[in-house]
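Just below is one structure, and these are the notes that go with it.
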Amino acid sequence: MRSEIGINMRLLISITIALLMSGCAATTTTKEAAFPEMYSDVNRQAMLIVPVINETTAAEAPDFLNATVAQPLADKGYYVLPVPIVSNIFKEAGIIDGTQLKGIPFSTYKDKFGAESVLFIKLTSWETNYMVVSGNVTVGMEYILVSAETNNVLWSYKNTFVLDTSGSSGNLIADIIVTAISTAATDYVPVARRVHANAVTTLPVGKYHPKYLKDGKVKNVIPELATAPVERF
């Protein structure tokens, strides 16, 4: 009787694991399936990043994001037009938030900057949460890469990143103090870097990467996080 129960339990566990694995597999897709135009002949290597669209009350957050976005994109094989120079050009024109660029034809970025693709970044949340013995920094982001030639969305990604700042020494008083200090003194530059790094894992590599046009079968894109927006920036 016990052996029969044991066999049934092992069978049940095996079925459960198989279902979980099949469920996980169903939630991901390949880069090429999600972003087919990234594997076409459309030029997209010279990338321009417009000012961050900030929907939060964190006035300094766009500065952290702008300062850290170019490197992970360059590591993926793209030529990123110098962010400080581009930002200054926009500032001289009175543009400090990407919302101000809404409605401008994407071909304008090609004509004025020589850009082949344009990256829009929207900051949807930037919150520091402190709850006595637990704390975190929550950052919600949306990325959309658009072709300056075809106006089509080439790549998109959205997610919410949570950095835990809780203390966990086992001593309640000590944990309260550590959590309060850690949350208040969080260095947001590393936070911004980690958010960008997390996003570009789904971005197909560019022309200057050794795996250019060879990563299309990589299956690490979650469709829910990479849906092309109905309303473009």
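Numbering (our numbering), first residue to last: 14 to 246. Don't be surprised by glycine CBs; every beta carbon is placed ideally from N, CA and C. Computed from a predicted structure; not experimentally measured.
Inspect the beta-carbon positions of residue i and residue j and report whether they are closer than 9 Å.
{"i": "LYS171", "j": "ALA106", "result": "no"}
{"i": "PHE77", "j": "TYR201", "result": "yes"}
{"i": "ASN165", "j": "GLU50", "result": "yes"}
{"i": "TYR91", "j": "GLY229", "result": "no"}
{"i": "ALA71", "j": "SER130", "result": "no"}
{"i": "LEU167", "j": "PHE48", "result": "yes"}
Do you know whose CA, among the options, lies nearest residue i's CA?
{"i": "ALA80", "options": "PRO217, ASN233, HIS209 and ASP88", "result": "HIS209"}
{"i": "SER160", "options": "THR151, PHE133 and PHE174", "result": "PHE133"}
{"i": "LYS104", "options": "VAL65, LYS44, TYR52 and ILE157", "result": "VAL65"}
{"i": "ALA46", "options": "SER169, LYS135 and ALA72", "result": "SER169"}
{"i": "ARG207", "options": "VAL231, THR163, MET154 and HIS222", "result": "MET154"}
{"i": "SER138", "options": "LEU158, ILE235, GLU68 and VAL82", "result": "GLU68"}
{"i": "PRO95", "options": "ALA128, VAL213 and GLY219", "result": "ALA128"}
{"i": "VAL234", "options": "ILE117, PRO217, TYR221 and VAL82", "result": "PRO217"}
{"i": "VAL13", "options": "PRO223, HIS222 and LEU158", "result": "Residue 13 falls outside the range modelled here, since the chain spans only 14 to 246, and no answer is possible."}
If we count the other Cβ atoms within 10 Å of its Cβ and call it buried at 16 or more, is residue i buried or exposed?
{"i": "SER182", "result": "Here the model assigns SER182 a pLDDT of 44, short of 50, so the residue's position is not dependable and the matter cannot be decided."}
{"i": "ALA74", "result": "buried"}
{"i": "TYR122", "result": "buried"}
{"i": "VAL204", "result": "buried"}
{"i": "TYR156", "result": "buried"}
{"i": "LYS232", "result": "exposed"}
{"i": "LYS115", "result": "exposed"}
{"i": "THR173", "result": "exposed"}
{"i": "THR214", "result": "exposed"}
{"i": "LYS220", "result": "exposed"}
{"i": "LYS227", "result": "exposed"}
Would you grab the beta carbon distance between residue i and residue j for me? Rounded to a whole angstrom, and I think it's under 8 Å.
{"i": "PHE257", "j": "LEU61", "result": "What is shown of the chain runs 14 to 246, which leaves residue 257 out entirely."}
{"i": "VAL175", "j": "ASN149", "result": "5 Å"}
{"i": "THR151", "j": "GLU140", "result": "5 Å"}
Answer yes if the segment 88–104 comes into contact with the segment 40–48, meaning at least three C-beta pairs across the two stretches below 8 Å, and no otherwise.
-> Per the Cβ contact rule, the segment 40–48 is not in contact with the segment 88–104 (fewer than 3 Cβ pairs under 8 Å).
Are the segment 109–118 and the segment 78–93 touching by the rule of at least three beta carbon pairs closer than 8 Å?
-> Counting Cβ pairs under 8 Å, fewer than three are found: no touch.
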